[in-house]
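In my numbering, the protein residues as written are 11 to 337. Even glycine gets a Cβ: it sits at the ideal position worked out from N, Cα and C. Report on the structure given below.
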Ligand code: GLU
């Protein structure tokens with residue numbers, strides 16, 4: 011009886027210790043999270059693509075990448091600076107503003123711990139309006155009910171920049187909403203707004219949803235002398251167009267002129283070099299596989315992925331770029 015008891019105890023102890031071992035092993039795995047955007051944007055799948063590539067080597071690096079849906083660029087910069095997230099995808103204009111302490115960072119000052127890793131796809135400033143709204147040009151937005159983007163998003167800065175440049179006061183001359191990008195398509199289709207702004211890569215699921223419902227809609231060109239001036243003023247803005255081939259249900263038949271920024275990948279100076287090195291190396295060494303994960307990455311090259319960065323490059327990423335002769 012005593013023997014059986016001891017044997018039983020031994021089995022239990024072995025069980026406890028092996029569980030403990032597994033647990034101490036997994037405790038070494040470092041979890042890092044990438045802040046993205048709404049689930050119907052391109053940031054969310056971009057975070058997923060990085061995770062997919064890097065997590066293949068999770069044993070080698072003791073690293074596991076997870077992804078979080080967030081309110082967008084401004085939220086991501088602030089969360090990375092606060093240490094709530096390790097990485098973020100942010101618009102190039104937002105990276106510039108955070109690094110220089112302007113716009114949303116005017117009160118907080120320059121975000122000197124912000125570090126750049128690389129850039130990804132271009133994102134154009136999209137303005138979608140119902141055909142029944144009479145919004146045909148940018149100047150027609152006066153008096154309309156428009157989603158300019160949620161606070162924390164990248165698009166809110168672009169829509170308000172464009173409106174201010176063209177002399178439209180969105181606080182008094184428009185009925186402005188601060189809806190999340192994920193909600194825009196439904197609100198437009200339901201007739202609850204006349205138009206919405208979204209700064210996003212293409213093709214994009216929520217623009218597809220917005221253009222293929224029962225309410226017929228079109229893209230409004232974001233153009234004019236006032237926009238030309240705005241684009242000329244800031245290094246992070248460039249003229250661009252929306253490739254109409256991705257949205258065959260929109261009324262427009264030709265590519266639509268607008269301006270654009272780039273999606274960039276950032277972190278904090280506080281994140282260890284070896285973690286940033288591992289992520290950079292896996293994405294760049296496997297760029298062809300990475301590019302297959304979303305059609306918006308079609309034009310990416312190792313060289314153009316080092317463009318549109320304002321914050322200093324993180325030393326972990328720099329180590330990789332020097333190794334392969336990119337810097
Ligand atoms: N550019 C948007 C932002 O910064 C997000 C776009 C996306 O999720 O793809 O908020």
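- Around the Cβ of residue 112, a 10 Å sphere holds fewer than 16 other Cβ atoms; the residue is exposed.
- Those residues whose C-beta sits under 5 Å from the nearest heavy atom of the ligand GLU are, from N- to C-terminal order along the chain, 47, 51, 52, 53, 82, 83, 101, 163, 164, 209 and 210.
- Pairing residue 310 with residue 155 gives a Cβ-Cβ distance that is not under 8 Å.
- In the three-state reduction of the DSSP assignment, residue 296 falls in the coil class, being assigned neither a helical nor a strand state.
- Note that the region 264 to 283 does not touch the region 63 to 80; fewer than 3 beta-carbon pairs, one per stretch, sit closer than 8 Å.
- Residue 144 sits in coil when the DSSP states are folded into three classes, being neither helix nor strand.
- Residue pairing for residue 206: DSSP places it in a beta bridge opposite 138 and 157.
- Straight-line spacing of the CA atoms in residue 70 and residue 296 works out to 16 Å.
- According to the DSSP assignment, residue 278 belongs to no alpha helix (DSSP H) but to the beta strand (DSSP E) extending over 266 to 278.
- Between residue 186 and residue 158, the beta carbon gap of about 5 Å places them in contact (Cβ cut-off 8 Å).
- Here DSSP, grouped into helix, strand and coil, assigns residue 45 to strand.
- Within the region 174 to 251, the complete alpha helix (DSSP H) segments at least 4 residues long are 191 to 199, 215 to 221 and 235 to 243, listed from N- to C-terminus.
- Residue range 73 to 78 is occupied by the beta strand (DSSP E) that includes residue 76.
- Of all C-beta pairs linking the region 202 to 219 to the region 136 to 153, three or more are shorter than 8 Å, placing the two stretches in contact.
- Collapsing the DSSP output to three states places residue 82 in coil.
- Taking residue 58 as reference, the option from 92, 303, 307 and 313 with the minimal CA-CA separation is 303.
- Within the model, the alpha-carbon separation for residue 91 versus residue 261 is close to 42 Å.
- In this structure, the alpha-carbon of residue 179 lies about 10 Å from that of residue 172.
- For the 8 Å CB-CB criterion, residue 160 and residue 189 form a contact.
- Only buried fits residue 327, as 16 or more other CB atoms lie within 10 angstroms of its CB.
- By the Cβ rule, the region 97 to 112 counts as touching the region 312 to 330, because three or more pairs are nearer than 8 Å.
- When secondary structure is reduced to three states using DSSP, residue 98 falls in the strand class.
- Taking 8 Å as the cut-off, the beta carbon of residue 223 is found no closer than this to the beta carbon of residue 184.
- Per the DSSP secondary-structure output, residue 129 pairs in a beta bridge with 274.
- For the pair of segments examined, the region 243 to 252 was found to touch the region 265 to 273: the number of CB pairs separated by less than 8 Å reaches three.
- Of the residues assessed, residue 221 falls on the buried side of the cut-off, its CB having 16 or more other CB atoms within 10 angstroms.
- Relative to residue 39, the option among 246, 76 and 54 whose CA is nearest is 76.
- The secondary-structure analysis by DSSP pairs residue 40 across a beta bridge with 73.
- The three-state reading of DSSP puts residue 60 in helix, counting H, G and I together.
- Rounded to whole angstroms, the Cβ separation of residue 46 and residue 99 is 6 Å, and the two are in contact under 8 Å.
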